[in-house]
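J.: For the sequence shown, this note's numbering begins at 262 and goes up steadily by one.
All C-beta atoms, glycine included, are put in the ideal place defined by N, C-alpha and C.
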Amino acid sequence: MNKIAYYLVILVGVITCLSFFPHAFLGMKAVMEHIAKGEIQEPAANGMRMIWFYSSVMMLLSGMWMLFLAKPIKEGQFQARVQMLLLGLGLSIFGLGCTYISGEIDHMFLFTIEGILLLLAVTLFFKNQNHG
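#1: Identify which residue in S363, F372, C278, L381 has its Cα closest to the Cα of I265.
#2: Taking the alpha carbon of V270 as the reference point, which residue from M319, I366, G337, A305 has its own alpha carbon closest?
#3: My output table needs one value for I366: the three-state DSSP class, helix, strand or coil.
#4: So does the region 307-321 actually touch the region 340-356, counting three or more Cβ pairs closer than 8 Å?
#5: Quick check: what's the CA-CA separation for I301 versus Y268?
#6: Using three-state DSSP, classify T373 as helix, strand or coil.
#7: According to DSSP, is Q384 part of a helix, a strand, or is it coil?
#8: For S272 and G299, what's the separation of their Cα atoms in angstroms?
#9: Among T360, T384, I312, L321, whose alpha-carbon lies nearest the alpha-carbon of V343?
#10: In angstroms, rounded to a whole number, what distance separates the CA positions of C278 and L352?
#11: In angstroms, rounded to a whole number, what distance separates the CA positions of V275 and L328?
Pasting the structure below:
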């Protein structure tokens, strides 16, 4: 059993799902305010709305996917491990990329931390189902 890996995946999955709400509602409100002030101009305004909407939906779906994979991770299933490895790598690369682009460690670095927690779950704290 992979109890620590399971709890790490649950933790990151719940955080990611809950992050959807401020991202989707407060974040979209902020985007709309920037558009209203003319800080984001057409034709980029529609694209920005769509990108923000897409990223909000994908944030929720990613968190849900982590929660769906938590039990197979606990059981040591290889396919779940590979999927969680990809999610962890993606979050880590995204967080590090945002840090690089902004030139500072800000709230986007939390994605890096989430990714590292997932990577720890499927490496250090993971045992295959065949190896108990």
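T.: Concretely, from the data shown:
#1: Position 4 of the sequence shown, counting from 1, holds the residue named residue 265. Looking at the Cα atoms, L381 is the closest of the given residues.
#2: Here residue 270 refers to the residue found at position 9 of the sequence shown. The shortest Cα separation from V270 among M319, I366, G337, A305 belongs to G337.
#3: To locate residue 366, count along the sequence shown from 1; it is residue 105. Correct three-state label for I366: coil.
#4: Under the Cβ criterion (8 Å, minimum of three pairs), the region 307-321 does not count as touching the region 340-356.
#5: Residue 301 sits at position 40 when you count from the first residue of the sequence shown. Residue 268 sits at position 7 when you count from the first residue of the sequence shown. If you take the alpha carbons of I301 and Y268, they lie about 41 Å apart.
#6: Within the sequence shown, residue 373 is the residue found at index 112, counting from 1. Here T373 sits in helix by DSSP.
#7: As a first step, residue 384 must be located in the sequence shown, where it is residue number 123. The residue asked about is misnamed: residue 384 is Thr in this sequence, not Gln. Note: T384 maps to coil in three-state DSSP.
#8: Counting from 1 along the sequence shown, the entry for residue 272 is found at position 11. Counting from 1 along the sequence shown, the entry for residue 299 is found at position 38. The residue you asked about is not Ser; residue 272 is Leu in the sequence shown. So the alpha carbons of these two residues sit roughly 39 Å apart.
#9: For the purposes of this step, residue 343 is taken as residue 82 along the sequence shown, with counting starting at 1. T384 is the residue among T360, T384, I312, L321 whose C-alpha sits nearest the C-alpha of V343.
#10: For this step, residue 278 is matched to residue 17 along the sequence shown. For this step, residue 352 is matched to residue 91 along the sequence shown. In this structure, the CA atom of C278 is about 14 Å from the CA atom of L352.
#11: Looking up residue 275 in the sequence shown gives position 14. Looking up residue 328 in the sequence shown gives position 67. One alpha carbon belongs to V275, the other to L328, and they sit about 7 Å apart.
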